[in-house]
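The opening residue of the sequence shown carries number 0 in numbering that gives the first Met the number 0; numbering runs sequentially from there.
Backbone N, C-alpha and C fix where the C-beta goes; we use that ideal spot for every residue, glycine too.
Small disclaimer: the values here were computed from a predicted structure and weren't measured.
So the structure is just underneath, and the comments pick up after that.
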Amino acid sequence: MLLENCADQRGYYVISMESITIKTAEDIAGMRVAGRLASEVLDYITPFVKPGITTAELDKLCHDYMVNVQGTVPAPLNYCPPGYTPYPKSVCTSVNDVICHGIPNDKPLKDGDVVNIDVTVIKDGYHGDTSRMFHVGNTSILAKRLSQITYECLWIGIAKVKPGVHLGDIGFAIQQHAEKAGYSVVREFCGHGIGKIFHEAPQVMHYGKPGTMEKLEAGMIFTIEPMINAGKRDIKTMPDGWTVKTKDRSLSAQWEHTIVVTEDGFEVLTMSDGYPALPDFITLK
Numbered sequence: 000m001l002l003e004n005c006a007d008q009r010g011y012y013v014i015s016m017e018s019i020t021i022k023t024a025e026d027i028a029g030m031r032v033a034g035r036l037a038s039e040v041l042d043y044i045t046p047f048v049k050p051g052i053t054t055a056e057l058d059k060l061c062h063d064y065m066v067n068v069q070g071t072v073p074a075p076l077n078y079c080p081p082g083y084t085p086y087p088k089s090v091c092t093s094v095n096d097v098i099c100h101g102i103p104n105d106k107p108l109k110d111g112d113v114v115n116i117d118v119t120v121i122k123d124g125y126h127g128d129t130s131r132m133f134h135v136g137n138t139s140i141l142a143k144r145l146s147q148i149t150y151e152c153l154w155i156g157i158a159k160v161k162p163g164v165h166l167g168d169i170g171f172a173i174q175q176h177a178e179k180a181g182y183s184v185v186r187e188f189c190g191h192g193i194g195k196i197f198h199e200a201p202q203v204m205h206y207g208k209p210g211t212m213e214k215l216e217a218g219m220i221f222t223i224e225p226m227i228n229a230g231k232r233d234i235k236t237m238p239d240g241w242t243v244k245t246k247d248r249s250l251s252a253q254w255e256h257t258i259v260v261t262e263d264g265f266e267v268l269t270m271s272d273g274y275p276a277l278p279d280f281i282t283l284k
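Laid out in structure tokens, this is it:
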């Protein structure tokens with residue numbers, strides 16, 4: 000979510016920071032279904048991510064799977080915050096130095112590329128939002144390490160989630176791990192509350208100070224989606240108005256999950272049978 004643009008069409012708007020919604024059991028059940036379906040789109044697309052395929056072809060495969068197999072709606076398609084043109088595709092594909100919101104195109108992926116595929120589906124009014132990194136053919140040691148550290152940042156943030164914890168605690172933990180590895184955290188984009196609305200409060204920063212920002216309560220649902228750069232954290236937005244790249248052209252990586260705060264911790268709503276192995280320090284109940 001872009002911090003400076005907090006509203007959009009189709010009812011998917013960011014509400015005020017004072018209006019964090021605590022989800023009901025019915026809401027959580029609906030989000031659980033939507034989250035799993037979003038993750039299953041990424042399971043489905045995994046074998047197709049290889050040298051020679053275009054991101055437009057990957058988008059078409061994802062779109063057809065969502066609409067024709069799952070019966071879901073691709074939330075990004077025609078998504079239009081103020082100041083933007085409608086997003087023209089059904090998923091985001093961010094390749095190499097693209098941080099986020101890469102628009103699928105007709106350029107073939109090549110051996111050594113890395114690509115983040117970001118999927119949001121709508122099922123029965125609920126949004127499931129998740130993304131993963133994919134390695135195209137044989138990628139560099141740098142690309143593998145950046146992706147792994149970013150994956151660890153995601154789960155380090157998730158592991159902090161429980162009632163009473165502050166959002167700043169999550170951001171601090173992510174920032175510490177990324178910077179210890181010599182990487183930088185993108186600050187212009189953040190995680191967000193989610194439910195029947197695509198982007199809502201709270202804003203979930205991937206940097207911060209312990210004990211700051213909102214305190215978590217059971218029933219809150221939000222995404223954690225750190226964007227980590229191999230170089231400096233500075234960004235530049237491309238002329239299409241959507242694609243955001245690293246200013247120094249360094250590689251960037253991102254992983255994303257949708258999380259619900261439970262009475263004693265967290266539940267990851269965007270898991271599926273094909274999800275990658277978890278870091279050693281994570282044990283799911």
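Opposite residue i in the DSSP bridges: which residues?
i, result
"arginine 248", "Paired residue(s): none; arginine 248 is not in a bridge."
"histidine 227", "Residue identity differs from the one stated: residue 227 is isoleucine in this sequence, not histidine. Its beta-bridge partners are Val184 and Ala252."
"serine 18", "For serine 18, which the question treats as bridged, DSSP gives no partner whatsoever."
"isoleucine 220", "Val259"
"cysteine 91", "Asp117"
"valine 243", "Cys99 and Thr236"
"proline 73", "Val120"
Can you tell me where the alpha helix (DSSP H) with residue i in it begins and where it stops?
i, result
"lysine 59", "54–63"
"valine 113", "Unbroken run through valine 113 is the beta strand (DSSP E), 113–122; no alpha helix (DSSP H)."
"aspartate 26", "24–44"
"alanine 158", "140–158"
"glycine 127", "No alpha helix (DSSP H) contains glycine 127, which is instead part of the beta strand (DSSP E) from 125–134."
"isoleucine 98", "Where isoleucine 98 is concerned, there is no enclosing alpha helix (DSSP H), although the beta strand (DSSP E) it sits in stretches over 97–99."
"phenylalanine 47", "Element bounds for phenylalanine 47: n/a, residue is neither H nor E."
"alanine 172", "166–179"
Going by C-alpha to C-alpha distance, which of the options sits closest to residue i?
i, options, result
"asparagine 104", "Val118, Ser89 and Gly111", "Ser89"
"aspartate 128", "His256, Met270 and Thr53", "His256"
"alanine 37", "Asn95, Glu216, Lys161 and Tyr64", "Tyr64"
"proline 85", "Lys106, Gln253 and Thr242", "Thr242"
"alanine 200", "Glu216, Phe221 and Glu187", "Phe221"
"histidine 205", "Gly194, Leu215, Ile223 and Ile193", "Ile223"
"serine 146", "Asn67, Ala276, Phe280 and Gln253", "Gln253"
"alanine 142", "Ser271, Asn228 and Pro275", "Asn228"
"phenylalanine 188", "Trp154, Asp233 and Ile155", "Asp233"
"leucine 41", "Val66, Ser130, Phe197 and Val68", "Ser130"
"alanine 276", "Lys49, Gly190, Trp154 and Asp96", "Trp154"
"isoleucine 258", "Ala158, Asp279, Arg248 and Val185", "Ala158"
"proline 46", "Asp279, Gly273 and Thr282", "Gly273"
"alanine 172", "Lys161, Cys152, Gly124 and Pro107", "Cys152"
"tyrosine 83", "His100, Arg144 and Pro278", "His100"
"cysteine 91", "Lys106, His198, Gly111 and Leu57", "Leu57"
"serine 93", "Ala24, Val48, Arg144 and Val203", "Val48"
"glutamate 25", "Glu39, Gly124 and Asn77", "Gly124"
"aspartate 279", "Lys246, Gln175, Tyr150 and Phe197", "Tyr150"
"alanine 28", "Ile281, His126 and Asp110", "His126"
Tell me where the beta strand (DSSP E) around residue i begins and ends.
i, result
"arginine 232", "It is not in any beta strand (DSSP E) - arginine 232 carries neither H nor E in the DSSP assignment."
"glutamine 202", "199–203"
"glycine 190", "190–192"
"phenylalanine 265", "265–267"
Please look up how many angstroms separate the CB atoms of residue i and residue j, rounded, as I've assumed it's under 8 Å.
i, j, result
"glycine 218", "lysine 22", "5 Å"
"glutamate 213", "isoleucine 19", "7 Å"
"asparagine 113", "leucine 215", "Note that residue 113 is valine in the sequence shown here, rather than asparagine. Between leucine 215 and valine 113 the Cβ distance is about 32 Å, and since that is not below 8 Å, they are no contact."
"alanine 55", "lysine 122", "About 25 Å separates the two Cβ atoms, so there is no contact after all."
"isoleucine 102", "proline 87", "6 Å"
"glycine 192", "leucine 108", "So it is not a contact: roughly 33 Å between Cβ atoms."
"methionine 30", "glycine 194", "6 Å"
"isoleucine 98", "lysine 244", "6 Å"
"valine 260", "valine 160", "6 Å"
Do the stretch 115–129 and the stretch 71–78 touch if we need at least three Cβ pairs shorter than 8 Å? yes
So, do the stretch 160–168 and the stretch 199–219 have three or more beta carbon pairs nearer to each other than 8 Å? yes
Count the CB pairs spanning the stretch 264–271 and the stretch 171–180 that are closer than 8 Å, and state whether there are at least three. no
Can we say the stretch 225–237 touches the stretch 124–139, given the rule of at least three CB pairs closer than 8 Å? no
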